[in-house]
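I have placed the structure first, in the form of structure tokens, so that the comments after it can refer back to it.
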Amino acid sequence: GENVEQHPSTLSVQEGDSAVIKCTYSDSASNYFPWYKQELGKRPQLIIDIRSNVGEKKDQRIAVTLNKTAKHFSLHITETQPEDSAVYFCASNSGGYQKVTFGTGTKLQVIP
Amino acid sequence: NAGVTQTPKFQVLKTGQSMTLQCAQDMNHEYMSWYRQDPGMGLRLIHYSVGAGITDQGEVPNGYNVSRSTTEDFPLRLLSAAPSQTSVYFCASSRGRRETQYFGPGTRLLVL
């Protein structure tokens, strides 16, 4: 089955700096790569996603890049703010159905 | 729209007891999934469904049963609870294979 590895497990940055979280996947048939943000005690919520027919997608301070050849994708957050502090999960789909595999999460702390 | 709802919010069980975690969505989504979230292990897929009457196993299905008799509801049954099933359980739904998953608020389960 699909294996998704996510690094780092924890990340601390100063407010205003950039943060980068990286994920690799194993299934070459995967074609959808979402990123979810989970604040403490809350449910995960989608922040951005990318499909395999594009290499980069941006939404204000958030961007995701995809390298299908290398089977890795990354989340980039610029100009970080304290409210960006949360756990971030990458994921990828695999197989013919909605079988989504999540990474183990990155706890991001933005220091004011 | 209420989105995805889950009941109960919190439950304590004794080893060997059975129970059903309820999940419902009012968005007419075909795809529904159950995940468990444990510290340091991200979200792991238990079972998923691609429509009424169709279910399949995820990564960690042992000890859990599901059924999908309607589009709206996707209950998760614990047959004989074990301490290893202590976790936070999230239900999610989406419109399609490569679409946003909407998560419920979660059920925190403690098995003694």
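In order, the protein sequence lines correspond to chains P and A.
Residues 168 to 279 in the working numbering are what the first sequence lists, from first letter to last.
Residues 1286 to 1397 in the working numbering are what the second sequence lists, from first letter to last.
Glycine residues also receive a C-beta, built at the ideal position from the N, C-alpha and C atoms.
Are the C-beta atoms of residue i and some chain A residue less than 8 Å apart?
| i | result |
| --- | --- |
| threonine 271 of chain P | yes |
| valine 267 of chain P | yes |
Whose Cβ in chain P lies nearer than 9 Å to the Cβ of residue i?
| i | result |
| --- | --- |
| proline 1390 of chain A | Lys209, Arg210 |
Run down chain P in chain order and give the residues with a C-beta less than 8 Å from the C-beta of residue i.
| i | result |
| --- | --- |
| threonine 1385 of chain A | Pro201, Leu213, Asp216 |
| glycine 1348 of chain A | Within 8 Å Cβ-Cβ: nothing; glycine 1348 of chain A doesn't reach chain P, min ~19 Å. |
| glycine 1343 of chain A | Lys266 |
At a CB-CB cut-off below 7 Å, which residues of chain A make contact with residue i?
| i | result |
| --- | --- |
| phenylalanine 256 of chain P | Gly1327, Leu1328 |
| asparagine 220 of chain P | Those within 7 Å of asparagine 220 of chain P in chain A number zero; the least Cβ separation is about 11 Å. |
| asparagine 260 of chain P | Arg1382, Arg1383 |
Give the straight-line distance between the Cα atoms of residue i and residue j, rounded to the nearest whole angstrom.
| i | j | result |
| --- | --- | --- |
| glutamate 1357 of chain A | threonine 1385 of chain A | 17 Å |
| phenylalanine 195 of chain P | glycine 168 of chain P | Looking at the sequence shown, residue 195 of chain P is not phenylalanine but serine. About 11 Å. |
| glutamine 205 of chain P | glutamine 212 of chain P | 6 Å |
| glutamate 1344 of chain A | leucine 1330 of chain A | 5 Å |
| proline 201 of chain P | isoleucine 214 of chain P | 8 Å |
| valine 267 of chain P | isoleucine 188 of chain P | 19 Å |
| aspartate 226 of chain P | leucine 1394 of chain A | 36 Å |
| cysteine 257 of chain P | cysteine 190 of chain P | 7 Å |
| threonine 236 of chain P | proline 1346 of chain A | 32 Å |
| serine 1365 of chain A | serine 1372 of chain A | 15 Å |
| arginine 1383 of chain A | serine 1303 of chain A | 34 Å |
| aspartate 251 of chain P | asparagine 260 of chain P | 25 Å |
| isoleucine 278 of chain P | tyrosine 255 of chain P | 17 Å |
| valine 1351 of chain A | glycine 270 of chain P | 24 Å |
| serine 179 of chain P | histidine 1332 of chain A | 34 Å |
Can you say whether residue i is buried or exposed, counting buried as having 16 or more other CB atoms within 10 angstroms of its CB?
| i | result |
| --- | --- |
| aspartate 1323 of chain A | exposed |
| proline 1368 of chain A | exposed |
| glycine 1325 of chain A | exposed |
| glutamine 1234 of chain A | In the structure as shown, chain A starts at 1286 and stops at 1397, and residue 1234 of chain A therefore has no counterpart that could be examined. |
| leucine 207 of chain P | exposed |
| proline 249 of chain P | exposed |
| phenylalanine 1375 of chain A | buried |
| leucine 1397 of chain A | exposed |
| leucine 1361 of chain A | buried |
| alanine 1287 of chain A | exposed |
| serine 1354 of chain A | exposed |
| isoleucine 1339 of chain A | exposed |
| valine 1297 of chain A | exposed |
Determine, using beta carbons only, whether residue i comes closer than 8 Å to chain P.
| i | result |
| --- | --- |
| glycine 1301 of chain A | no |
| tyrosine 1374 of chain A | no |
| arginine 1382 of chain A | yes |
Mind listing the chain A neighbours of residue i? Cutoff is C-beta to C-beta under 8 Å, in chain order.
| i | result |
| --- | --- |
| asparagine 198 of chain P | Arg1383 |
field: Secondary structure, beta strand (DSSP E): runs of 3+ residues fully inside the segment 181-267 of chain P
entry: 186-192, 199-205, 212-218, 223-226, 229-234, 239-244, 253-261
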